[in-house]
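Chemist: One structure is given below, represented as structure tokens, and several questions about it will come after.
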Amino acid sequence: MKRVVAILGLLAACAEPPPPHGIVLVSIDTLRADHTSPYGAPMAATPTLSRLAAEGTLFERTFSQSNETLFSHASLFTSQLPSDLGRVDYDLTIPDGTPTVASALSDAGWTTGGIVAGGHLARVFGLDDGFQTYVEGQRWGTFQETEPMAARWLDDVAAGDDPFFLFLHSYDCHAPYTKPHVFGRLSTPGYDGFMLDRVHDSITYEKIYNGALYPDLPLSQLVNDRGQRILTPEVHAQLAQHAADPASRRLTLSKDDIAFLKGLYASAALYADLWLQVLLDDLAERNLLDTTTIVVVSDHGEGLLDHGYFNHRDSLHDSATQVPFIVWRPGASEKGVRQREVTRLLDVSPTILGLASIDIPETMQGVDLSTCLDGGSCNTPGTAYSEAVLEMTSVTDGVMRMTVTGAPAHTHAMTTRIQKPAPAFATVWDAGGAPGTEQAMSLLELDPVVLGRLQAGALQARRAGGAR
Ligand SMILES: [Zn+2]
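Residue numbers (the working numbering): -3 to 464.
This is the structure in structure tokens:
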């Protein structure tokens, strides 16, 4: 009898764990990795993320494939580069019939729900493909609104037997970083400067460059073909030009002003983190937490004057592209796993499908990381490729980053032999330190081995979609 028990035990140890009953993907919009506790911020910055990382698996170097909400989420859902879905501009949408993580799960019999905070995730942009339920909160809204909506959706899910997939999103860390009550002033409660009132207008952040506010800058806007009023992609170039004009009015921000603005962002991160805990509590109350896998990401980071701007659209630096990526599984055999390999938001959907034991559509370009959640090699390409408006593209190996402007012609050049003189459209950044401390260097100074790795990464990424 002992022998039978031993054999059964062995079989159980070798067997694949059963798929979870539920998978929840949370996107905390605009949350840069290094402003969360498990990625180096103080423990009190985001305690819930710390706990999920301590009990789960954290990917230390995950990069988004774009620096804007719309393109990044379209890429996240489809595991394709934004440019493989359409022109990287504010009228991009997921083409009909493109497999998404939600459509693959829905086809396999899962109940799927997306609860989003509007803005660039509005249904009008087509990101609702595959979701049986897709609920939009107010434009640019908060978990304060979307989490309770998700809880109501979970009530229905808990009443049934089908496995479920929930996508939950909020803009809590997006400008303006003004949160209710005490949360807005946690870091700098004594600040009494001139930015106090101005920060409620998100446009204020668009008018800050290199530590100065330019109140007379006329920001150009356009209405895209979906009727959305948006800033033109050229806004940041205009801002730099405006700042260089001696006739421009400028209000120099003091150290206290800047500390206040950065403090608001930190407060916003904590606020979002606390709502994440509310979500976990709501899952537990419905007896769902013990059988649900939680995946937390952000769609991009945020420049906090690291490179002149408060925003994420202006660059593809680590500050704008390095994001948290944490997977928490109930009863995971290994806890506190930290994977160092370069991973991408492209890998999230294949990983979710891997966890659900569902075939990954051929169109998906990412890697299924479900096989390395307990440790071991993830077999990733080792580089991450990103695309932005303003014809910016970039590739990083987690230490060095090459960014080019003027794609697609220049992106082609990015992957070919670099000759003297170094092309003006390409910049190399040494990102060996923390995000925001990258040092620019000449392309010709770059170690040829590193250059070869970046070029191969860019080429592999471009070829994966069969494009260009
Ligand atoms: Zn976003």
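All residues carry an ideal CB built from backbone N, CA and C; glycine is no exception.
Computed from a prediction, not measured in an experiment: that's the story for all the values here.
Between which two residues does the alpha helix (DSSP H) holding L275 run?
Modeler: Note, L275: alpha helix (DSSP H), K251 to E281.
Chemist: Leaving out the 5 sequence neighbours to the left and right, which residues in its chain are closer than 6 Å to E56 when beta-carbon positions are compared?
Modeler: Cβ neighbours of E56 beyond the five flanking positions: R334 and R336.
Chemist: Excluding sequence positions up to five away, which residues of its chain have a Cβ less than 6 Å from the Cβ of T96?
Modeler: These residues qualify, in order along the chain: F73, T74, D125 and G126.
Chemist: Leaving out the 5 sequence neighbours to the left and right, which residues in its chain are closer than 6 Å to G432 when beta-carbon positions are compared?
Modeler: Counting only Cβ-Cβ distances below 6 Å, and skipping sequence neighbours, we find D302 and S315.
Chemist: For a test of the three-state rule: what should DSSP assign to H303, helix, strand or coil?
Modeler: The answer is coil: DSSP assigns H303 none of H, G, I, E or B.
Chemist: Starting from A384, trace the beta strand (DSSP E) both ways and give me its first and last residue.
Modeler: Segment A380 to A384, the beta strand (DSSP E) holding A384.
Chemist: Secondary structure at G110, three-state DSSP: helix, strand or coil?
Modeler: Correct three-state label for G110: strand.
Chemist: I'd like the list of long-range same chain contacts for D252, defined as Cβ closer than 8 Å, with 5 residues on each side in sequence excluded.
Modeler: The answer, listed in chain order, is T184, Y187 and G189.
Chemist: Specify the secondary structure class of Q237 as computed by DSSP and reduced to three states.
Modeler: It is helical.
Chemist: Is H296 buried or exposed, if buried means 16 or more other CB atoms sit within 10 Å of its CB?
Modeler: That one is buried.
Chemist: Quick one: Cα of I354 to Cα of L101, how far?
Modeler: Rounded to the nearest angstrom, the two C-alpha atoms are 7 Å apart.
Chemist: What's the C-alpha gap between A463 and S71?
Modeler: With a pLDDT of only 45 at A463, under the threshold of 50, the placement of this residue in the model should not be trusted; the figure read from the coordinates follows. Distance between the alpha carbons of A463 and S71: 15 Å.
Chemist: Alpha carbon to alpha carbon, how far is A118 from G110?
Modeler: Computed Cα separation, rounded: 11 Å.
Chemist: Closer than 7 Å to a non-hydrogen atom of ligand 1 - does that hold for the CB of D92?
Modeler: No, the Cβ of D92 stays beyond 7 Å of every heavy atom of ligand 1.
Chemist: With a threshold of 8 Å, are at least 3 pairs of Cβ atoms found where one atom belongs to the stretch 249 to 267 and the other to the stretch 168 to 180?
Modeler: Cβ pair count under 8 Å is three or more, so yes.
Chemist: Would you say L21 and A268 are within 8 Å of each other, going by their C-beta atoms?
Modeler: Not a contact, by the Cβ cut-off of 8 Å.
Chemist: Going along the chain, which residues put their C-beta within less than 6 Å of some heavy atom in ligand 3?
Modeler: Ligand 3 is absent from the structure shown, which contains only ligand 1.
Chemist: For the beta strand (DSSP E) that contains M360, what are its first and last residues?
Modeler: Where M360 is concerned, there is no enclosing beta strand (DSSP E), given that its DSSP letter is neither H nor E.
Chemist: Tell me which same chain residues have a C-beta within less than 6 Å of the C-beta of N206, skipping the five on either side of it?
Modeler: Cβ neighbours of N206 beyond the five flanking positions: G304.
Chemist: Nearest CA to the CA of A460: which residue from G362, L440, P320 and S366?
Modeler: Ranking G362, L440, P320 and S366 by Cα distance to A460 puts G362 first.
Chemist: Suppose you measure from the CA of L349 to the CA of L276; what does that come to, to the nearest Å?
Modeler: So the alpha carbons of these two residues sit roughly 22 Å apart.
Chemist: According to DSSP, G18 sits in a beta bridge with which residue or residues?
Modeler: Paired residue(s): F160 and T288.
Chemist: Where T401 and S382 are concerned, what is the direct C-alpha to C-alpha distance, given to the nearest angstrom?
Modeler: If you take the alpha carbons of T401 and S382, they lie about 12 Å apart.
Chemist: Taking DSSP's pairing of strands, which residues face H334 in a bridge?
Modeler: Just to set this straight, residue 334 is Arg in the shown sequence, not His. R334 pairs with L54.
Chemist: Span of the alpha helix (DSSP H) holding D314?
Modeler: From DSSP, the alpha helix (DSSP H) with D314 extends over D314 to T317.
Chemist: In the DSSP output, which residue or residues are listed as bridge partners for Y59?
Modeler: The amino acid at residue 59 is misidentified as Tyr; the sequence shows Phe. In DSSP, F59 forms a bridge with Q318 and R340.
Chemist: What three-state label does DSSP hand T367 in the structure shown?
Modeler: Reduced to three states, the DSSP call for T367 is helix.
Chemist: May I ask which residues mark the beginning and end of the beta strand (DSSP E) holding T225?
Modeler: The sequence given here has Arg at residue 225, not Thr. Segment R225 to L227, the beta strand (DSSP E) holding R225.
Chemist: What would DSSP say about T423, mapped onto helix, strand or coil?
Modeler: DSSP places T423 in strand when its eight states are reduced to three.
Chemist: Out of G105, R246 and P144, point me to the one whose CA is closest to Q128's CA.
Modeler: Of G105, R246 and P144, the residue nearest in Cα terms is G105.
Chemist: Give every residue of the same chain whose Cβ lies closer than 7 Å to the Cβ of L450, excluding the five residues on either side of it in the sequence, and list them in chain order.
Modeler: The answer, listed in chain order, is T379, V391, D393, M396 and M398.
Chemist: Excluding the 5 residues flanking T32 on each side, which residues of the same chain have their C-beta closer than 7 Å to its C-beta?
Modeler: For T32, where only same-chain residues beyond five positions count, the Cβ hits under 7 Å are A41, T42, L45, A265 and P320.
Chemist: Where does the unbroken beta strand (DSSP E) through S390 begin, and where does it stop?
Modeler: Per DSSP, S390 belongs to the beta strand (DSSP E) from M388 to T392.
Chemist: If you drop the 5 nearest sequence neighbours on each side, which residues of the same chain put their C-beta closer than 7 Å to that of S99?
Modeler: D125 and G126.
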